[in-house]
Ligand SMILES: Cc1ncc(COP(=O)(O)O)c(C=O)c1O
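Numbering (our numbering), first residue to last: -15 to 447.
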């Protein structure tokens, strides 16, 4: 028996009656680095330790008898503390503690992966025999980094929503690929420019491989892509053979109209055609805790395997203590409890959004224009920048549409005691302009009133 024949895949072969993209499609899609990546031998064999009657001398696992931790206890709120203020004590001990304190399987604690698989089936209306699986990662940022590395070679063309999540800009630049920005507006990502670009794509150039998008409450615009647009984007993906990287940390912080649009992962299943074109990124950061550093990726087995192989040689496995903390909570709450909690989070941010909107209208009417968000924690604003800020930065201001919000930040806003993100940080090409991203997640009502009042004063200032 060769080591290579011992597969680490925990899932059986797909049995779904739905057509699924064949493995060759993914082999061609993968980057050269990813195709060349070998499995880490110990990681590759580690799952076999759980076989019945196995005595393992495989890994250099430290003996837990020398670990000082005897039990871990957490006091947790009810899923909706707004209506039930009771607290619950959860203790991680015995076998669970041994698992939590030890190195774990690269793809994640199996019980947590199983929970998330059932959750995915429930939320996205899919079956677990359709050639996809879930794998854990050290936050979705790290999973995105590994997914981009698995898919993109230097010189490849990729589509990126514009403006986009600032956290991926240095990442995609480092890939030395051809990044094509696709504009978004109040209805989210707009497929029309993508369609005309693809129709006129030069025959001698390979088509774009992937689209990166944040479909709910986009960071930085706070907008959600409409169902009609998602369908059109999926239709284009199938016609022109690109894959959709659906980065969805704000899925549970949607407070717009219902029914909410389906995720791309769910939508694939609702329309005819082969499955396997969507790689989905979820995060516990926004609804449980950012410090857990836990996210999960869902998608075609071959692409998940490519990410797992990378993880096996970098982090080895995401923090098992974090995974156990999350699993014990989810086990205690159940899927219903988690969904109740998610609704509570969305209500919380809706109230924050309403407060921000109220004070934006009070202070900034006539001084700024903005799109009212329907998910997440960001407002994208176009500021009417003062002449004086322009005068100090004549050179850059003439380059930017409506002025230069970075210069405004440097020369006016900071001095006035307000910190915000200049719009240029959200454009792949660093395009200057009068846009800014404002985050309304942590300020109290009084602080929002004060902050937007200060911003208005600096926008009016003639100094
Ligand atoms: C769109 C988007 N993707 C990914 C992330 C990173 O999430 P995580 O904390 O899971 O790494 C963030 C965090 O702000 C985000 O806004």
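Ideal Cβ placement from N, Cα and C applies to all residues, glycine included.
Small disclaimer: the values here were computed from a predicted structure and weren't measured.
So, using beta-carbon positions, are residue i and residue j closer together than 8 Å?
| i | j | result |
| --- | --- | --- |
| residue 147 | residue 205 | yes |
| residue 253 | residue 115 | no |
| residue 407 | residue 389 | yes |
| residue 452 | residue 290 | No answer is possible for residue 452: it lies beyond the span of the chain, which begins at -15 and ends at 447. |
| residue 165 | residue 194 | no |
| residue 84 | residue 42 | no |
| residue 170 | residue 355 | yes |
| residue 80 | residue 308 | yes |
| residue 113 | residue -2 | yes |
| residue 163 | residue 313 | no |
| residue 248 | residue 218 | yes |
| residue 33 | residue 23 | no |
| residue 260 | residue 4 | yes |
| residue 364 | residue 419 | yes |
| residue 367 | residue 340 | no |
| residue 13 | residue 135 | yes |
| residue 95 | residue 311 | yes |
| residue 243 | residue 216 | no |
| residue 257 | residue 222 | yes |
| residue 281 | residue 131 | yes |
Less than 8 Å between the CB atoms is what I'm expecting for residue i and residue j, so what's the real figure, rounded?
| i | j | result |
| --- | --- | --- |
| residue 304 | residue 121 | Wrong, their Cβ atoms sit about 13 Å apart, outside the cutoff. |
| residue 334 | residue 424 | At roughly 11 Å, the Cβ-Cβ gap does not stay under 8 Å, so residue 334 and residue 424 are not in contact. |
| residue 362 | residue 422 | 7 Å |
| residue 92 | residue 119 | 6 Å |
| residue 167 | residue 177 | 6 Å |
| residue 450 | residue 82 | Any answer about residue 450 is impossible in this case: the structure gives the chain only from -15 up to 447. |
| residue 359 | residue 208 | 5 Å |
Run through the DSSP bridge pairs and tell me what residue i is partnered with.
| i | result |
| --- | --- |
| residue 197 | 230 |
| residue 57 | 75 |
| residue 98 | According to DSSP, which records beta bridges pairwise, residue 98 is partnered with nothing at all. |
| residue 116 | 284 |
| residue 259 | 4 |
| residue 238 | 359 |
| residue 458 | This structure cannot settle anything about residue 458, because the visible part of the chain is limited to -15 through 447. |
| residue 165 | 144 |
| residue 352 | 349 and 367 |
| residue 406 | 420 |
| residue 121 | 279 |
| residue 265 | 231 and 281 |
| residue 385 | 417 |
Taking Cβ positions only, does residue i come closer than 8 Å to chain D?
| i | result |
| --- | --- |
| residue 371 | No chain D is part of this structure, which consists of one protein chain only. |
- What is the chain-ordered set of residues for which the beta carbon lies under 5 Å from any non-hydrogen atom of ligand 1? 123, 124, 125, 149, 198, 203, 231, 233, 267, 269 and 279
- Validate contact between the stretch 221 to 238 and the stretch 192 to 204 using beta carbons, cut 8 Å, 3 pairs: yes
- Query: Between the stretch 182 to 194 and the stretch 224 to 234, are three or more C-beta pairs nearer than 8 Å?
  - Reply: yes
- Message: Within 8 Å, do at least three Cβ pairs link the stretch 244 to 261 to the stretch 147 to 158?
- Response: no
- Do the stretch 46 to 63 and the stretch 320 to 331 make contact, defined as three or more Cβ pairs closer than 8 Å? yes
- Message: I want to know whether the stretch 338 to 355 touches the stretch 123 to 142 - three or more CB-CB distances under 8 Å.
- Response: no
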